[in-house]
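Participant: Before I ask anything, let me first share the structure, which is written out below as structure tokens.
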Amino acid sequence: DTGVSQDPRHKITKRGQNVTFRCDPISEHNRLYWYRQTLGQGPEFLTYFQNEAQLEKSRLLSDRFSAERPKGSFSTLEIQRTEQGDSAMYLCASSPVKLPRLAGGPGEQYFGPGTRLTVT
Amino acid sequence: SQQGEEDPQALSIQEGENATMNCSYKTSINNLQWYRQNSGRGLVHLILIRSNEREKHSGRLRVTLDTSKKSSSLLITASRAADTASYFCATDGGGADGLTFGKGTHLIIQP
Numbered sequence: 001d002t003g004v005s006q007d008p009r010h011k012i013t014k015r016g017q018n019v020t021f022r023c024d025p026i027s028e029h030n031r032l033y034w035y036r037q038t039l040g041q042g043p044e045f046l047t048y049f050q051n052e053a054q055l056e057k058s059r060l061l062s063d064r065f066s067a068e069r070p071k072g073s074f075s076t077l078e079i080q081r082t083e084q085g086d087s088a089m090y091l092c093a094s095s096p097v098k099l100p101r102l103a104g105g106p107g108e109q110y111f112g113p114g115t116r117l118t119v120t
Numbered sequence: 001s002q003q004g005e006e007d008p009q010a011l012s013i014q015e016g017e018n019a020t021m022n023c024s025y026k027t028s029i030n031n032l033q034w035y036r037q038n039s040g041r042g043l044v045h046l047i048l049i050r051s052n053e054r055e056k057h058s059g060r061l062r063v064t065l066d067t068s069k070k071s072s073s074l075l076i077t078a079s080r081a082a083d084t085a086s087y088f089c090a091t092d093g094g095g096a097d098g099l100t101f102g103k104g105t106h107l108i109i110q111p
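Top line first, the protein sequences correspond to chains Z and V. Each step along the first sequence adds one to the number in this note's numbering, with nothing skipped, and position 116 is 116. Each step along the second sequence adds one to the number in this note's numbering, with nothing skipped, and position 72 is 72.
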């Protein structure tokens, strides 16, 4: 399968613990995005990388959240001192740089299956 | 925060009928995209329409965009049971690279 993969698919953790999720984008895509989705809502943007550079962060990304993409390939999202409000589906997406920025904004994004986090 | 709002929140129709869902957004955009999400295949891109386009077709999908009203519609013709899913519009919010999604329309196709 050459799509976006995420690991683990499910994670149950106790409040206060740290968790780390991994995303492997489509290999030729240099843009990688993280989103969070809660029940009944659409995905909410968290952050994105172009190659290894983290270019944009949402205000949703509190200081307990950190994301890395050290070699411009896979990415990790870590949540420290988890809270019950962190329970959500964490989605990763990737895209190629097809559209020049001035010519039409972000193109289509390819999403992974997500990691469902439950904080008890 | 959610940029777009889909309408209706839920829609149930008979197989073979057409389904129309609408999306309104708040800020200027470069393009607007529609995505489908179901439990089997996750979130999948359906169609992208640029701000200088008014209508676009892809198979059984037709998307319109009215930038003066900040709204878009997605029409699915000749619906099938496999179209049962949640449909989201997503915008770039006027220049950001992360997409801003609405809350979605949950579509149920009755056999």
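Think of the CB as a built atom: it goes at the ideal place given N, C-alpha and C, for glycine as much as any other residue.
1) How many Å lie between D86 (chain Z) and V119 (chain Z) at the Cα?
2) Would you call D63 (chain Z) buried or exposed, if buried means 16 or more other Cβ atoms sit within 10 Å of its Cβ?
3) So, does the segment 29-42 of chain V touch the segment 79-90 of chain V, judging by three or more C-beta pairs under 8 Å?
4) Measuring only between beta-carbons, confirm whether E56 (chain Z) sits less than 7 Å from chain V.
5) Would DSSP call Q54 (chain Z) helix, strand or coil?
6) When the Cα atoms are used, what is the spatial distance from A78 (chain V) to A19 (chain V)?
7) Can you tell me whether D66 (chain V) sits near the ligand MN, meaning its C-beta is under 6 Å from at least one heavy atom of the ligand?
8) Hey, would you say N30 (chain V) sits closer than 7 Å to D97 (chain V), going by beta carbons?
9) Does Q84 (chain Z) come out as helix, strand or coil in the three-state DSSP assignment?
10) Can you look up D97 (chain V) in the DSSP assignment and give me helix, strand or coil?
11) If you run the structure through DSSP and keep just helix, strand and coil, what is D7 (chain V)?
12) Going by Cα to Cα distance, which pick from V:S68, V:L43, V:L46 and V:C23 is closest to P8 (chain V)?
13) Can you find the residues in the same chain that come closer than 7 Å, C-beta to C-beta, to L102 (chain Z), ignoring five residues on each side of it along the sequence?
14) Would you list, in chain order, the members of the segment 79-108 of chain V that have their beta-carbon closer than 8 Å to a beta-carbon of chain Z?
15) Taking L48 (chain V) as the query, report the chain Z residues whose CB atoms sit under 8 Å from its CB, ordered along the chain.
16) Would you mind telling me which residues of chain V sit closer than 8 Å to S112 (chain Z), beta carbon to beta carbon, in chain order?
17) Just the Cα atoms here: how many angstroms apart are V4 (chain Z) and C23 (chain Z)?
Facilitator: According to the structure shown:
1) 7 Å
2) exposed
3) yes
4) Yes, E56 (chain Z) lies at the interface with chain V (some Cβ there is under 7 Å from its Cβ).
5) strand
6) Looking at the two C-alpha atoms, the distance is approximately 8 Å.
7) This structure simply doesn't include the ligand MN, nor any ligand for that matter.
8) no
9) helix
10) coil
11) Of the three classes helix, strand and coil, the one that applies to D7 (chain V) here is strand, per DSSP.
12) V:C23
13) With a pLDDT of only 48 at L102 (chain Z), under 50, the local geometry of the prediction cannot be trusted, and the value read off the model is given with reservation. Cβ within range, chain order: n/a, list empty.
14) F88, A90, D92, G95, A96, D97, G98, L99, T100, F101, G102, K103 and G104
15) G107 and E108
16) The sequence given here places Gly at residue 112 (chain Z); Ser does not occur at that position. Within 8 Å Cβ-Cβ: G42.
17) Distance between the alpha carbons of V4 (chain Z) and C23 (chain Z): 7 Å.
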